[in-house]
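Each position in the sequence shown, counted from 1, maps to that position plus 39 in this note's numbering.
For glycine and all other residues, C-beta sits at the position ideal for the given N, C-alpha and C.
Structure record follows, encoded as structure tokens.
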Amino acid sequence: MELLFALDALSAPEYGIVCAVAVVAMLYASVGHAGATGYIAVLTLAGMAPIEVRPTALVLNVIVAAIGSVQFFRAGHFRWSLFAPLAAGSIPCAMLGGSLPLQPRTIELVVALVLFGVAVQLLIPQKLPREPEPNSDSDLKSFHKGFFQIFSSWKMTLVAAGIGLLSGCTGVGGGVFLTPILIALRKAPIKTIAAVTAPFILVNSLAGLAGSILGDQRVPPLAPTFMIAAILGGAIGSSLGATRLSAMAIRRLLAVVLGIASFKLFGHF
């Protein structure tokens, strides 16, 4: 009932923002991501202050990434041995990045560069390897294997640390950086990469959000409404699995939105 009253109080532009958040969540969830760069683009285009954009995007990221993590884990594509070294490097650095007291103009510049880079990356066709049968490495019994992989995969841990720091600073989960790296290195098939990326985004977003809270940053009053929109969009997108819209069409659409947002931010300088 309180939600209905809250929706009744929304203005037409606010309704548009809520709908855009739901669409972004649906599109990103359909391709295995949580959508932070999309949320940042939407909220930036809507005129939200940069200091509010970062924690808000992280909250929405946590929700959609959690949905994707559960589904990929149940499907048997998750691998502890690949996830553990990445999480070990990214979590503390994401918390550090989220707590850094960056100036609004610094945040705008970093976010603009990230959005532009992701937009370009989305337009580049990627040749993906064929999928094997789901493996049993998602079983909890393999957790010890992933733990010891932290020490034998120190290079990936260092890469993840850099991704975590950038993620915390900008308010993204890091999936847009991790996925192309894992694909380029051919670390795993695409479904396994997606299955590892979703929880990677989840833990990074949680760490970055914790850092934002410690840094005394706050989410706007509309955040609960955005959260509900993200839940609905994420659930629909992950269930559809991009069956009604080609992956390339989604990538091009997202690239246009991110590009517009990045140029808007660049225009502030």
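Rounded to whole angstroms, R225 and P263 show a C-alpha spacing of 39 Å.
Taking each of R93, A80, I275 in turn and checking the Cα distance to L154, the smallest one comes out for A80.
Taking the C-beta atoms as reference points, V211 is found no nearer than 8 Å to V98. The beta carbon of V149 sits closer than 7 Å to those of C208, T209, all from its chain and outside the five residues before and after it, given in chain order. Remark: C-beta atoms of R118 and T231 approach each other more closely than 8 Å.
Counting along the chain, M134 sits inside the alpha helix (DSSP H) bounded by residues 119-138. Here DSSP, grouped into helix, strand and coil, assigns I163 to coil. DSSP places G212 outside both helix and strand once states are collapsed to three, so it counts as coil. Contact between G213 and I240 holds: their C-beta atoms lie close to 6 Å from each other, under 8 Å. Around the beta carbon of I163, fewer than 16 other beta carbons lie within 10 angstroms, which makes this residue exposed.
In this structure, the alpha-carbon of A73 lies about 9 Å from that of A105. If the five residues before and after G137 are omitted, its C-beta is found closer than 6 Å to the C-beta atoms of G207, G247, G250, S251, all from its own chain and listed in chain order.
Secondary structure note for L84: its alpha helix (DSSP H) is the uninterrupted segment 75-84. Collapsing the DSSP output to three states places K226 in coil. Distance from the Cα of A133 is smallest, within the candidate group A96, S244, M266, G107, for S244. With contacts defined as CB atoms closer than 8 Å, G77 and V63 qualify as a contacting pair. Scanning its chain for C-beta atoms nearer than 7 Å, with the 5 sequence neighbours on each side dropped, one finds around L141 the residues C208, in chain order. Around the Cβ of L82, a 10 Å sphere holds 16 or more other Cβ atoms; the residue is buried. Counting C-beta atoms within 10 angstroms of its own C-beta, L253 has fewer than 16 neighbours from the protein chains shown and is therefore classed as exposed.
Between L271 and A61, the C-beta gap is smaller than 8 Å, which places the two residues in contact. If you look at G276, you'll find it in the alpha helix (DSSP H) that goes 262-279.
Under the criterion of beta carbons closer than 8 Å, A96 and A75 qualify as touching, at roughly 5 Å. Of all alpha-carbon atoms in Q110, S278, Q160, the one lying nearest the alpha-carbon of M65 is that of S278.
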